[in-house]
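Asker:
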Amino acid sequence: MEGLVDAPLRTALTEIGGVDWCVTEFVRVTSTLLPPRYFKRVAPEWANGWKTPVGVTLKLQLLGSDPACLADNAARAAELGAPGIDLNFGCPAKTVNRHRGGAVLLQEPELLHAIVREVRRAVPVHIPVTTKMRLGYEDTALVLDCARALDEGGSAEHVVHARTKLDGYKPPAHWHWIARIKEVVKSPVVANGEIWTVEDYFRCRSESTCDDVMLGRGLVARPDLARQIRAAIAGEAADVVEWPELLEIIRRFHTGLIGTGAPTYAPGRLKQWLGYLRRSYPEATALFREIRTQSQLASIPA
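Counted the way our numbering counts, the sequence shown spans residues -15 to 286.
See below:
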């Protein structure tokens, strides 16, 4: 999730618990081999063995359309210790698609196969190459062909966002399509899209036939969602994060942003997260209103 789930937010969300692994914001690959410092900036967790402070593994996500260049950059990331390479074929952003990145490639199954094949060949066998896709670009006509192409190219796991590019993020997510994809691929499939609550998880599991899910906006809006899902699966009472505990995590998140040396950047990022949190926490609305006009913020009000 470009411009949202960066290292400070990954730190905050994984601290709460329930998350098995996470990915970087996508690294846009065009025609050059990126320098090591670029990967380190996108994934500062590299200095901690590619793990967040609480030990959650971080994969590097690449986005592009040139098989050879993607392979070269994947190899460089592997040299820097990346424990997994994730390929983004799901981004619906117009700017990204206009430059032949993300979901637009779902119109070209042969190219999808070539990209995964070349990246798989370029990195050591112990490093998994995984993929993220949607149900298609304009429609679902090629969805099974795309899934097969990724699978046969060597994808070790497929995360499927159950909407097309044209669907964007409009409800509903068509989870039943994920079940059909599972029937034509050999590698594991992970369901994604429109999972905001524990109830959504169980409905998704029923329709997609997937036990595993990838949480995006739902986790940003409800940071303890993964923890709640784990508790529900185990038949245990959920250890819900109440606002006072979350506020302390938000304060550490904000302090981490200030520590990057960009104090004017921190308030905008804080407001962005609060915009999501308002869905689950009324207190986030009050805090958002209190800081809405601030262009610099030394600390978060009590």
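The beta-carbon is built from N, C-alpha and C at its ideal position, and this holds for glycine as well.
Relative to the alpha-carbon of A52, which residue among L46, I99, R60 has its alpha-carbon at the smallest distance?
Answerer: Position 68 of the sequence shown, counted from the start, is the residue given in the question as residue 52. Residue I99 is the option with its Cα nearest to A52.
Asker: Would you give the residue range spanned by the beta strand (DSSP E) that D151 belongs to?
Answerer: In the sequence shown, the residue the question calls residue 151 occupies position 167. Per DSSP, D151 belongs to no beta strand (DSSP E) and is neither H nor E.
Asker: Pairs of beta-carbons, one from the segment 157 to 177 and one from the segment 89 to 104, closer than 8 Å: are there three or more?
Answerer: Verdict: no, contact absent.
Asker: Considering Cα atoms alone, identify which of L46, T8, K154 is closest to E29.
Answerer: Here residue 29 corresponds to residue number 45 of the sequence shown, with the count starting at 1. Comparing Cα positions, the closest option is T8.
Asker: Going by DSSP, what residue range makes up the beta strand (DSSP E) through L71?
Answerer: Your numbering for residue 71 matches position 87 in the sequence shown. It spans 69 to 73 - the beta strand (DSSP E) in which L71 sits, taken as one unbroken run.
Asker: If we count the other Cβ atoms within 10 Å of its Cβ and call it buried at 16 or more, is G33 buried or exposed?
Answerer: Working through the sequence shown from its first residue, we reach residue 33 at position 49. So G33 ends up on the exposed side.
Asker: According to DSSP, simplified to helix, strand and coil, what is C6?
Answerer: As a first step, residue 6 must be located in the sequence shown, where it is residue number 22. C6: strand per DSSP, three-state reduction.
Asker: A(-4): which of V204, A215, K255, R276 sits nearest, CA to CA?
Answerer: In the sequence shown, residue -4 corresponds to position 12, counting from 1. Considering only alpha carbons, the answer is V204.
Asker: Here's the rule I'm using: 16 or more other beta-carbon atoms within 10 Å means buried, otherwise exposed. How should I234 be labelled?
Answerer: Here residue 234 refers to the residue found at position 250 of the sequence shown. Classification of I234: buried, given that the 10 Å Cβ count is 16 or more.
Asker: For P251, is the classification buried or exposed, using 16 other Cβ atoms within 10 angstroms of its Cβ as the cut-off for buried?
Answerer: Residue numbering aside, residue 251 sits at position 267 when the sequence shown is read from its first letter. Answer is buried; the Cβ neighbour count reaches 16.
Asker: What whole-angstrom Cβ distance do L71 and L46 have, given they're in contact under 8 Å?
Answerer: Position 87 of the sequence shown, counting from 1, holds the residue named residue 71. Position 62 of the sequence shown, counting from 1, holds the residue named residue 46. Between L46 and L71 the Cβ distance is about 6 Å, and since that is below 8 Å, they are a contact.
Asker: Looking only at its own chain, which residues have a Cβ that is under 8 Å from the Cβ of V182, when we skip the five neighbours before and after it?
Answerer: Counting from 1 along the sequence shown, the entry for residue 182 is found at position 198. Correct list, in chain order: L209, Q212, I213, A216, A222.
Asker: Please return the same chain residues whose Cβ sits closer than 8 Å to the Cβ of R189, not counting the five positions on each side in sequence.
Answerer: What you label residue 189 is simply residue 205 of the sequence shown in a count that begins at 1. Counting only Cβ-Cβ distances below 8 Å, and skipping sequence neighbours, we find A175, D195, V197.
Asker: State the beta-bridge partners of Q45 as determined by DSSP.
Answerer: Within the sequence shown, numbered from 1, the residue matching residue 45 stands at position 61. Paired residue(s): D70.
Asker: So, at 7 Å on beta carbons, what are the nonlocal neighbours of R147 in its own chain, with the 5 sequence-adjacent residues on each side left out?
Answerer: As a position in the sequence shown, residue 147 is number 163, starting the count at 1. Excluding positions up to five away in sequence, the list reads R118, L119, A157, H158, G177.
Asker: S288: which of G85, S264, G137 sits nearest, CA to CA?
Answerer: The structure shown does not extend to residue 288, since the chain spans only -15 to 286, so no value can be given for it.
Asker: By DSSP, does V40 sit in helix, in strand, or in coil?
Answerer: Translated into positions along the sequence shown, residue 40 becomes position 56. In this structure, V40 counts as coil in the three-state DSSP scheme.
Asker: So H83 is in the beta strand (DSSP E); what residue range does that whole segment cover?
Answerer: Within the sequence shown, numbered from 1, the residue matching residue 83 stands at position 99. Note, H83: premise wrong, no beta strand (DSSP E); not H, not E.
Asker: Could you please give the first and the last residue of the uninterrupted beta strand (DSSP E) stretch that includes A175?
Answerer: Against the sequence shown, residue 175 aligns to sequence position 191. Note, A175: beta strand (DSSP E), 173 to 176.
Asker: Please report the distance separating the alpha-carbon of R104 from that of R(-6).
Answerer: As a first step, residue 104 must be located in the sequence shown, where it is residue number 120. As a first step, residue -6 must be located in the sequence shown, where it is residue number 10. Between R104 and R(-6), the C-alpha separation is close to 26 Å.
Asker: With the cut-off set at 8 Å, would you say S139 and L89 are in Cβ contact?
Answerer: Here residue 139 refers to the residue found at position 155 when the sequence shown is read from its first residue. Here residue 89 refers to the residue found at position 105 when the sequence shown is read from its first residue. No.
Asker: Apart from the five residues on each side of it in sequence, which residues of its chain come closer than 6 Å, Cβ to Cβ, to G112?
Answerer: The residue given as residue 112 occupies position 128 in the sequence shown. Looking at the sequence itself, residue 112 is Pro, so the reference to Gly does not match. Cβ neighbours of P112 beyond the five flanking positions: G68, A140.
Asker: Use the C-beta contact count for V169: other C-beta atoms within 10 angstroms, 16 or more gives buried, fewer gives exposed.
Answerer: For the purposes of this step, residue 169 is taken as residue 185 along the sequence shown, with counting starting at 1. Buried, since its Cβ has 16 or more Cβ neighbours within 10 Å.
Asker: Taking a contact to mean a Cβ-Cβ separation below 8 Å, would you say F237 touches L258 in this structure?
Answerer: Start at 1 with the first residue of the sequence shown, and residue 237 comes out as number 253. Start at 1 with the first residue of the sequence shown, and residue 258 comes out as number 274. Contact: no.
Asker: Terminal residues of the continuous alpha helix (DSSP H) containing H110?
Answerer: Residue mapping note: residue 110 aligns to position 126 of the sequence shown, counting from 1. Where H110 is concerned, there is no enclosing alpha helix (DSSP H), given that its DSSP letter is neither H nor E.
Asker: Return the residue from the list K149, L241, R132, L(-12) that minimises the CA-CA distance to P172.
Answerer: As a working mapping, residue 172 is identified with position 188 in the sequence shown. Nearest option by C-alpha distance: R132.
Asker: Within 10 Å of its beta-carbon, does K24 have 16 or more other beta-carbons around it, so buried, or fewer, so exposed?
Answerer: Translated into positions along the sequence shown, residue 24 becomes position 40. Exposed, by the Cβ-count rule.
Asker: How long is the line joining the alpha carbons of R253 and A31, rounded to whole angstroms?
Answerer: Along the sequence shown, one-based indexing puts residue 253 at 269. Along the sequence shown, one-based indexing puts residue 31 at 47. R253 and A31: Cα-Cα distance of roughly 23 Å.
Asker: Would you tell me roughly how many angstroms separate the C-alpha atoms of R262 and T269, rounded to the nearest one?
Answerer: Walking along the sequence shown from the start, residue 262 turns up at place 278. Walking along the sequence shown from the start, residue 269 turns up at place 285. Near 5 Å, if we compare the C-alpha coordinates of T269 and R262.
Asker: Do you know offhand how far Y121's Cα is from K78's?
Answerer: Here residue 121 refers to the residue found at position 137 of the sequence shown. Here residue 78 refers to the residue found at position 94 of the sequence shown. Spanning the two alpha carbons is a distance of roughly 12 Å.
Asker: Can you check which of these residues, G74, P266, V143, is closest to G152 by C-alpha distance?
Answerer: Residue numbering aside, residue 152 sits at position 168 when the sequence shown is read from its first letter. For the residues G74, P266, V143, the minimum Cα distance to G152 belongs to G74.
Asker: What did DSSP end up calling R206 once you bin it into helix, strand or coil?
Answerer: Looking up residue 206 in the sequence shown gives position 222. In the structure shown, R206 sits in coil (DSSP, three-state: anything other than H, G, I, E or B).
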